[in-house]
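Here the sequence shown is numbered in my numbering, starting from 317 and rising by one per residue.
Every residue, glycine too, gets a C-beta built ideally from N, C-alpha and C.
Have a look at the structure below, then the notes.
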Amino acid sequence: MSLETSNLVDGQALARARAELGTGFARILGYFREDGIKSLTTLEEAVRKANAVAMVIPAHTLKGEARQFGALALAMLAEKIEDHARLCIEHHDSPERAIEDVVALRPLLLQTLALLEREAGVTVVAAPVVAPAPVAPAFVPSPLPGRSRAPGGFGRKIG
Numbered sequence: 317m318s319l320e321t322s323n324l325v326d327g328q329a330l331a332r333a334r335a336e337l338g339t340g341f342a343r344i345l346g347y348f349r350e351d352g353i354k355s356l357t358t359l360e361e362a363v364r365k366a367n368a369v370a371m372v373i374p375a376h377t378l379k380g381e382a383r384q385f386g387a388l389a390l391a392m393l394a395e396k397i398e399d400h401a402r403l404c405i406e407h408h409d410s411p412e413r414a415i416e417d418v419v420a421l422r423p424l425l426l427q428t429l430a431l432l433e434r435e436a437g438v439t440v441v442a443a444p445v446v447a448p449a450p451v452a453p454a455f456v457p458s459p460l461p462g463r464s465r466a467p468g469g470f471g472r473k474i475g
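Structural data, given as C-alpha cells:
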C-alpha cells in the first residue's frame with residue numbers, strides 16, 4: 317500500500333517529519349511504537365475500569381505523536397477518545413460510550429505502525445502487543461501499633 321492510496325497517513329506530513337528528523341527518523345519512529353503501545357494498553361485498562369481521568373493523558377499523547385508522523389486517522393480517533401474522557405470528567409459520567417473507539421484503536425494503531433515502518437524501510441522485531449494483565453491492589457501498610465491517627469488534613473494549621 318502506498319501513502320497515496322492510504323487513508324491512514326498523510327504523505328506530505330510524513331515527508332515533512334522525515335526531513336525534520338533526518339537520521340533520527342527511525343529512532344523516533346521506534347519511540348512512537350513504544351509510546352503508542354503503552355498509551356493503548358493504558359487506555360484499554362482505563363476504559364475497563366471506567367476511569368475517564370486515566371484516559372485523558374494517554375489519548376492526548378497518542379494524538380500528538382500520531383500527528384507528528386501524519387497518522388491523521390489515528391490522531392482523530394485518539395482525539396475523539398480524549399474529548400469524550402474530558403466530557404465524562406466534567407459531567408461525572410462513565411466513559412462506557414468510548415469502549416467501541418478504544419477497541420478500534422488497537423487495529424488502527426497496528427496498521428498505522430506497519431505502514432509507517434514499511435514506508436520508512438524499518439524492520440521492527442517487537443514483542444506481540446497484548447492487553448495488560450489485571451493489576452493487583454497496592455499494598456497499604458497498617459498504622460504502627462500504639463499510635464493512633466488523629467483526623468487531619470494537609471497544609472498549614474491556621475489559628
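- Taking I415 as the centre and dropping the five residues before and after it, the same chain places the C-beta of V363 closer than 8 Å to its C-beta, in chain order.
- K379 sits buried, since 16 or more C-beta atoms from the chains shown fall within 10 Å of its C-beta.
- Within the model, the alpha-carbon separation for A368 versus P374 is close to 11 Å.
- Inclusion of A329 and G386 in the CB contact set at 7 Å is warranted, their separation being smaller than that value.
- Three or more Cβ pairs closer than 8 Å define a contact, and the segment 413 to 428 meets that threshold against the segment 346 to 361.
- Of the candidates M371, L388, S410, the residue whose Cα lies closest to the Cα of Q427 is L388.
- For R349 against L424, the beta-carbon gap comes to about 14 Å, at or over 8 Å, which does not count as contact.
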